[in-house]
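Below is one structure, written out as structure tokens, with a few remarks after it.
2 protein chains.
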Amino acid sequence: MRNFTFHNPTKIIFGIDSTNEVGKEAKTLGRKILLVLGQGSIKKIGLYDKIVKLLKDEGIEIFELEGVKPNPRVDLVRKGIEMVRENNIEGILAVGGGSVIDTAKAIAAGLSYEGDVWDLFKYRKPIKPTIPIGVVLTLAATGSEMNGNAVISNMETQEKLAISSPYIYPKFSILDPKNTASVPLNHTLYGIVDILSHVFEQYFDREEDAILQDRFAEAIIKTIIETTPKLTENPEDLKARAVILWCGTNALNGIIGVGKEQDWASHAIEHAISALYDIPHGLGLAIVFPHWMKYVLDAIPHKFANFGRNIWGLKGEDDFEIGLKAIDKLIDFYEGIGVPTKLSKVGINDEKLEEMAEKATLFGPIGNVKRLNKEDVYKILQMCL
Amino acid sequence: MRNFTFHNPTKIIFGIDSTNEVGKEAKTLGRKILLVLGQGSIKKIGLYDKIVKLLKDEGIEIFELEGVKPNPRVDLVRKGIEMVRENNIEGILAVGGGSVIDTAKAIAAGLSYEGDVWDLFKYRKPIKPTIPIGVVLTLAATGSEMNGNAVISNMETQEKLAISSPYIYPKFSILDPKNTASVPLNHTLYGIVDILSHVFEQYFDREEDAILQDRFAEAIIKTIIETTPKLTENPEDLKARAVILWCGTNALNGIIGVGKEQDWASHAIEHAISALYDIPHGLGLAIVFPHWMKYVLDAIPHKFANFGRNIWGLKGEDDFEIGLKAIDKLIDFYEGIGVPTKLSKVGINDEKLEEMAEKATLFGPIGNVKRLNKEDVYKILQMCL
């Protein structure tokens, strides 16, 4: 196990109707708050009206930045930074999924930087202390509600890049399963793939002694595989929604990743795909991950054998063989819940594979299980076709 | 799953030689620091000298409160409170195991209360904001390094009671496996029993939908059962020490307990035993827990069956039967590593069973799986003989 520092100060308020706490909690952000919102779904379900009322009851002055899209754009981040500066806004409340939260984080990070916010992503300029962020989560997927990461897309340069900083952890996150209940089934499932993919990035690495973290990772995977069928059967099952919601947060709040080497090549590859094709992040991950797994299997067959034995109950002596079967089990699971695992099934052909491979390796080779250069990524993308 | 708030702001600095960070971290507590210490073992291993040098290098003025014993006493807490008040001390650094940390927390809690500190324990007076605490942990057991709990004994009244408050979470905890390597094997094993017992208190309850938390709990149990034999074979195996250390922290930092009903009757019973007999807490728990399990098995046989199937790999249809076998497996595990599971083996006879039962139920019935009154506790203690 590697040395690590773990410090996750986000306060989680979890449960049915925990949304009612938003006024009291938002007050700790300041009196003038920027509400960052998606494309209107929270208005349809009445959540917008409810939150605005609760904030106003606390005497909070509200400013609104609406229209965050999946694969959130830096343009809107720039607009948000301007709004905060012009109106002396004291805190940001993100109401939505990962894209909305990441937009809020990028606004906060950009605020305390004198130049253009994209410099923080592209040139990895240091992020400084900034105004606080609160979250009301509406989608189980990203984990962004309890970490210091944000991923933003720049459509002009066709880049999708990440930042990470202790200063952009949400101060609080309200996780009310009711707020996730109206997410359509396909996006619910993409969220579930996203959660599993976060686990895989940390679980499949070359670290040998982070035993508890690996068992924790398996706990999340098993819980998701056990719970997902309940949601495909009844998407309004709030108990199952609650379980998946809590899995999503724990998949990326540090507890399964501390002391591990981790990999994250598959995310870089997916970011390159969705920067060019704008497909849902979770869908892209369902396509990339199994093929990345097959490509690196021979480097850590014993890890994939753990996946086979501890998750899928596979028996046998040969680690490589068990690992290969386990990857096929994962493909079966994805296809079984209606999530495709091939680029061709989402209308992407081999036209831009080279451009994607180029983009994914923009900063040099990616991943750790195997260091992947442009040629490796190209080969994995070919396997994805 | 129940609604919950999870907010654990403790910063963990984990790994070999992380002790070197103590100066920099302690400086964030203040310039005048009370060092709370045990009975001298840290002087023998050179840790005391190392820490004092690192603190002095940062210009920190040190005051010392030495002599914390297992089952730490309120008398020393009172002495600490006096020292802090007299010298305008700004922060507390606990260097030791759970007893030392709990003493530091009780001092901090008592400081912001005008009356006698024992009122906080006995009459559950509210705990107010207070000075910050830092930790250098030397024993994997308590979990106190990453929570807001403290347990203190009053030898005068022969009571052992707990407090809990958001204001006494350590600001930071340094977890250096090297600092736990010189703990004698028997106390290492009592620590391991303590960790498992914390997991059991949260795992065996009546909550049905906290699926991830239960899988997390099983992850800790499995990791400990897998790792403990490495330590009995070679107590200086630092990799195994690191794994156990991280298990101890996660067993009681909230992640396996949030959203659960939990039980905690066995701890109340053990506290009554060690208030009268001053045996190590972990040893007491190894005796109480298996018999509590047998006493409540019929209330939640499916939970004990999970324990049997997911931990011990037991097969079969009958939950009660699997549960009973699983409890025997636990007894075998404890006896196999040389930890007794009977009161008679540690020289305790039936003389004070009634007094213990009385003490354990001081505030009324205990536990949740079954609400245990004095008579129930008496019966469990008889089973422990």
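Chains as they are written, first to last, in the working numbering: chain A, 1 to 385; chain B, 1001 to 1385. Positions of the beta carbon are idealized from the N, C-alpha and C atoms, including for glycine. These numbers come from a predicted model, not from an experiment.
Please confirm whether residue i has its beta-carbon closer than 8 angstroms to some beta-carbon of chain A.
i, result
"B:G1259", "yes"
"B:G1091", "no"
"B:D1319", "no"
"B:W1246", "yes"
Which residues in chain B have a C-beta closer than 7 angstroms to the C-beta of residue i? List them in chain order.
i, result
"A:I255", "I1255"
"A:F307", "Correct list: empty, because the minimum Cβ distance to chain B is about 15 angstroms."
"A:S18", "N1003"
Based on DSSP bridge pairs, tell me the residues matched to residue i.
i, result
"A:R309", "According to DSSP, which records beta bridges pairwise, A:R309 is partnered with nothing at all."
"A:L120", "Paired residue(s): none; A:L120 is not in a bridge."
"A:V151", "A:A162"
"B:V1036", "B:L1065 and B:A1094"
"A:F14", "A:L175 and B:F1004"
"B:I1366", "B:L1372"
"B:L1137", "B:G1096"
Answer yes or no: do residue i and residue j have a C-beta to C-beta separation smaller than 8 angstroms?
i, j, result
"A:K370", "A:V296", "yes"
"B:L1047", "B:N1179", "yes"
"B:L1065", "B:K1043", "no"
"B:Q1213", "B:G1259", "yes"
"A:T249", "A:I81", "no"
"A:Y190", "A:P129", "no"
"B:E1145", "B:I1101", "yes"
"A:M1", "B:A1242", "yes"
"B:N1003", "A:I16", "yes"
"A:L139", "A:F14", "no"
"A:I131", "A:E86", "no"
"B:V1084", "B:I1107", "yes"
"B:L1314", "B:I1322", "yes"
"A:D205", "A:D298", "no"
"B:I1045", "B:S1182", "yes"
"A:W246", "A:A265", "no"
"A:S164", "A:L285", "no"
"A:K32", "A:E58", "no"
"A:A109", "A:I62", "no"
"A:I220", "A:V193", "no"
"A:K105", "A:A141", "no"
If you measure from the beta carbon of residue i to each beta carbon in chain B, is any gap under 8 angstroms?
i, result
"A:L212", "yes"
"A:H7", "yes"
"A:V243", "yes"
"A:N154", "no"
"A:K379", "no"
"A:R215", "yes"
"A:K239", "yes"
Would you mind telling me which residues of chain A sit closer than 8 angstroms to residue i, beta carbon to beta carbon, in chain order?
i, result
"B:N1234", "The premise fails here: B:N1234 is roughly 14 angstroms from chain A at the closest Cβ pair, so nothing lies under 8 angstroms."
"B:I1195", "Residues of chain A passing the Cβ test: none, with the nearest at roughly 11 angstroms."
"B:T1223", "I211, L212 and R215"
Since residue i meets chain B, which of its residues come closer than 8 angstroms, beta carbon to beta carbon?
i, result
"A:R2", "G1015"
"A:E226", "I1211"
"A:A219", "L1212, R1215, F1216, E1218 and A1219"
"A:K11", "T1005, F1006 and H1007"
Going along chain A in order, which residues have a C-beta closer than 7 angstroms to the C-beta of residue i?
i, result
"B:N1179", "None at all; the shortest Cβ gap to chain A is about 14 angstroms."
I want to verify the contact list: residues of chain B whose CB lies under 9 angstroms from the CB of residue i, in sequence order.
i, result
"A:N250", "L1212, F1216 and I1255"
The ligand GTP and residue i: does any heavy atom of the ligand fall closer than 7 angstroms to the residue's C-beta?
i, result
"B:R1206", "The ligand GTP is not part of the structure shown, which contains no ligands of any sort."
Go through the stretch 226–285 of chain A residue by residue and report every complete run of the alpha helix (DSSP H) that reaches 4 residues or more, in order. DSSP runs (the alpha helix (DSSP H)) wholly in the stretch 226–285 of chain A: 238–251 and 265–277.
Whole runs of the alpha helix (DSSP H) within the stretch 52–111 of chain A, excluding any shorter than 4 residues: Under the rule that a run must span 4 or more residues, the alpha helix (DSSP H) segments found entirely inside the stretch 52–111 of chain A read 74–87 and 98–111.
Length at least 3, wholly inside the stretch 309–339 of chain A: the beta strand (DSSP E) runs in chain order: Look at the stretch 309–339 of chain A and you find no whole run of beta strand (DSSP E) that is 3 residues long or longer.
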